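Asker: Those protein sequences? They're chains A and B, same order as listed.
The first sequence begins at 71 in this note's numbering and counts up by one.
The second sequence begins at 14 in this note's numbering and counts up by one.
So that we are looking at the same thing, I have put the structure below in structure tokens.
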Amino acid sequence: MKLIQFLSNIAMPMMILIIVVYGLIERNKVFDTFLDGAKEGVGIVVSIFPTLVGLFVAVGALRSSGVLDMIIHIVTPILDLVKFPSEIMPLALLRPISGSSSIAVATDLMKTFGVDSLFGLMASVIMGSTETTLYTIAVYSSAVGIKKTRFVLWASLLADVVGIIVSVVVCRLLSTSFC
Amino acid sequence: MLNFVWPIFIIISFVYAIFSGNLDSLNSSIFSSTEEAVKLCLSLLGTMCLWNGIMEIANQTSVVTKLTKLLKPLMKLLFPEIKENSPVYQEISMNMIANILGLGNAATPLGLKAMKSLQEQNIDKTILSNSMATLIVINTASIQIIPTTVIAIRSSLGSQNPTSIIVPVWIATICAAIAGITATKLFIKMGK
């Protein structure tokens, strides 16, 4: 536990340190180079900002209007048939479209059922093993002005579905063998 | 993609809100969402500039070439169209290294830099190239050694063993990544 915490704390400073030290050793103008790169960063953020506004409003509306609750209501009986826990469903639906609200839902699940309970574990593993797919695709393609994303949405959603199902199955197996 | 996903989201939610009487919360969410986007962009602005600058330094040193050598077999499999000595090759490698180390803040700027370079070589600037598509799918798969965010949440909630999820997360991420990459390769083969 302590070692892991140490490793994750040191990863970022170490990476920066190594790069800067290497730059010095190889006699580059380190700070000038840094500024050149940093300036470029501003442009990237500006180019993705409109996309983010549009995306956040649409996803926020989906949640606040109650559409997501309705969808969860509809699919729950189907999920019961395949033994997918319906408690996890809101998280599974939100995960690909909204990072902040899926963290909120996952934290809520851990609080309600207990962090180390089966559902708490499932929520943790799902959060750890998946990304906010829609956001990633939107940001990456709009940063360079791409309009057609081909099959990327389907391939990434498939990865999410597989990730979520595997998370649920692995947690089930673990809790029956250890708890 | 957003040209059909976005209007669908808007139409469904707005119509549903009218009939279900959730107009109040819809109204407040419209404003809070734009605010959220501004907040995210502001924090992104900082990390984006920092990591773009750091990456610029790295690009002029030999450290990147050394690191990218480690990823060579994986890169060959994932990005057969990219030449090994091109700057894009290094940028993608650095993006994957940042992902693996769990440096989400660094991975996005590095990935976007790689996207920019890939776009320069792209023939039709409105459509994703094969390499760009693969890069995005990899970044949606969240491959990481230590899922720091979740561990932090778990220990803040008083878990007995916050890191117990690491191995399950590995299993789930690897399965997800394999599924995503396989699908990508199949779609490319089918000429989609």
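For glycine and all other residues, C-beta sits at the position ideal for the given N, C-alpha and C.
Note that the coordinates shown come from a computational prediction; the quantities given were computed from them, not determined experimentally.
Check the Cβ-Cβ distances between residue 84/A and every residue of chain B, and say whether any is below 7 Å.
Answerer: One-based indexing of the first sequence puts residue 84/A at position 14. No, residue 84/A does not count as interfacial toward chain B.
Asker: Please classify residue 140/B: does DSSP put it in a helix, a strand, or coil?
Answerer: Residue numbering aside, residue 140/B sits at position 127 when the second sequence is read from its first letter. Here residue 140/B sits in strand by DSSP.
Asker: Indicate whether residue 145/B and residue 131/B have their beta-carbon atoms separated by less than 7 Å.
Answerer: Position 132 of the second sequence, counting from 1, holds the residue named residue 145/B. Position 118 of the second sequence, counting from 1, holds the residue named residue 131/B. Yes, Cβ-Cβ distance for residue 145/B and residue 131/B is below 7 Å.
Asker: Can you name, in chain order, every residue of its own chain whose Cβ lies under 7 Å from the Cβ of residue 249/A, other than the five neighbours on each side?
Answerer: Start at 1 with the first residue of the first sequence, and residue 249/A comes out as number 179. Any reading at residue 249/A needs caution, since the residue's pLDDT is 46, under 50, leaving its predicted position unreliable; the model's value is listed next. Taken in chain order, the list of residues that qualify is empty.
Asker: I'd like the ranges of any alpha helix (DSSP H) spanning at least 4 consecutive residues and lying wholly in the stretch 86-113 of chain A.
Answerer: none
Asker: How about the stretch 115-130 of chain A and the stretch 37-47 of chain B: do they share at least three Cβ pairs that are nearer than 8 Å?
Answerer: Touching, yes.
Asker: Is it the case that the stretch 162-180 of chain A contacts the stretch 81-95 of chain A, given that we only count it when at least three CB pairs across the two stretches are under 8 Å?
Answerer: no
Asker: Which one or two residues does DSSP pair with residue 198/B in a beta bridge?
Answerer: As a first step, residue 198/B is located in the second sequence; it is residue number 185 there, counting from the start. Bridge partners of residue 198/B: none, in fact.
Asker: Is residue 151/B near the ligand ADP - that is, is its Cβ less than 6 Å away from at least one heavy atom of it?
Answerer: The ligand content of the structure shown is nil, which means the ligand ADP is not present either.
Asker: Show which residues of chain B have a CB atom less than 8 Å away from the CB atom of residue 80/A.
Answerer: Within the first sequence, residue 80/A is the residue found at index 10, counting from 1. None at all; the shortest Cβ gap to chain B is about 10 Å.
Asker: Going by beta-carbon coordinates alone, are residue 188/B and residue 232/A separated by less than 7 Å?
Answerer: As a working mapping, residue 188/B is identified with position 175 in the second sequence. As a working mapping, residue 232/A is identified with position 162 in the first sequence. In this structure, residue 232/A lies closer than 7 Å to residue 188/B by Cβ.
Asker: Identify the continuous alpha helix (DSSP H) that holds residue 98/B and give its terminal residues.
Answerer: Within the second sequence, the letter at position 85 stands for residue 98/B. Careful: residue 98/B lies outside any alpha helix (DSSP H) and carries neither H nor E.
Asker: Drop a sphere of 10 angstroms on the beta-carbon of residue 121/B, count the other beta-carbons inside from all chains shown, and report buried for 16 or more, exposed for fewer.
Answerer: On the second sequence, residue 121/B is found 108 positions in, with the first residue counted as 1. Residue 121/B is buried by the Cβ-count criterion.
Asker: Within 7 Å of any Cβ in chain A, is that where the Cβ of residue 186/B sits?
Answerer: Numbered from 1 along the second sequence, position 173 holds the residue referred to as residue 186/B. Closer than 7 Å: yes.
Asker: Considering only C-alpha positions, which residue in the set 140/A, 98/A, 119/A and 148/A is nearest to residue 69/B?
Answerer: Start at 1 with the first residue of the second sequence, and residue 69/B comes out as number 56. Here the closest residue by C-alpha is 98/A.
Asker: Residues of chain B with CB closer than 7 Å to the CB of residue 157/A, please, in chain order.
Answerer: As a working mapping, residue 157/A is identified with position 87 in the first sequence. Within chain B, no C-beta atom comes nearer than 7 Å to that of residue 157/A; the closest sits roughly 17 Å away.
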